[in-house]
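Structure record follows, encoded as structure tokens.
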């Protein structure tokens, strides 16, 4: 099993978000109306057929989460943003076709999902995050990239994403597992 340098890691929450969450799954409340943070589930697993996350069959598992999610609402009860933050997950990316895997243990990330009234949304990722781009996204996937920095994406009302900006370092997970 290959490992990225121990000092740079990833959170699984943005992978979930980068699958573009069906645009409305995460919704966001002003801090005064907000409930206490909710811990994120303990294990996540994704099985992506060849041609969706990479050219090959890709499995992604996330364990040992250390994140909290908080949704914020305006006074009328409409969500305005959801923030997931913390140390994140330990993530293992696996090329099912050749058995090669790469594990990344998270040290911190923040994901902010802002829904818009027209059904679209903006997703901002900071810190150490994985991002999957599907063939229906712009730029078109399949691609899976590990970022260290800031990523901003627009999600249309149908759930397809458009990458708006990226700053910082990136690692091509598909290339690393080939």
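Numbering (mature numbering (1 follows the signal peptide of the UniProt record, and there is no 0)), first residue to last: -28 to -1, 1 to 150.
Glycine included, every Cβ here is placed at the ideal spot set by N, Cα and C.
**Coarse secondary structure for residue 1, derived from DSSP in three states** = Only weak support is given to the placement of residue 1: the predicted model assigns it a pLDDT of 32, under 50, and the question is left unresolved by the model.
**Asked** Would you say the region 63 to 81 touches the region 106 to 115, given that touching needs at least three Cβ pairs under 8 Å?
**Response** The region 63 to 81 vs the region 106 to 115: no contact.
**Message:** Could you compute how far the alpha carbon of residue -17 sits from the alpha carbon of residue 48?
**Reply:** Since pLDDT at residue -17 reaches only 37, below the 50 mark, its modelled position is unreliable, and the value read off the structure follows with that caveat. Cα-Cα distance, rounded: 31 Å.
**Prompt:** Under a Cβ-count criterion, where at least 16 other Cβ atoms within 10 Å of its own Cβ denotes burial, should residue 120 be classed as buried or exposed?
**Reply:** Residue burial is scored here from C-beta neighbours: residue 120 has at least 16 other C-beta atoms within 10 angstroms and is therefore classed as buried.
**Prompt:** If we call anything under 8 Å between Cβ atoms a contact, is residue 30 one with residue 61?
**Reply:** Between residue 30 and residue 61, the C-beta spacing is not below 8 Å.
**Request:** Please list, in chain order, all residues of the same chain as residue 34 whose beta carbon is under 6 Å from its beta carbon, the five residues on each side excluded.
**Result:** Counting only Cβ-Cβ distances below 6 Å, and skipping sequence neighbours, we find -17, 16, 61 and 63.
**Beta bridge counterpart(s) of residue 87 as assigned by DSSP** = Answer is 93, bridged to residue 87.
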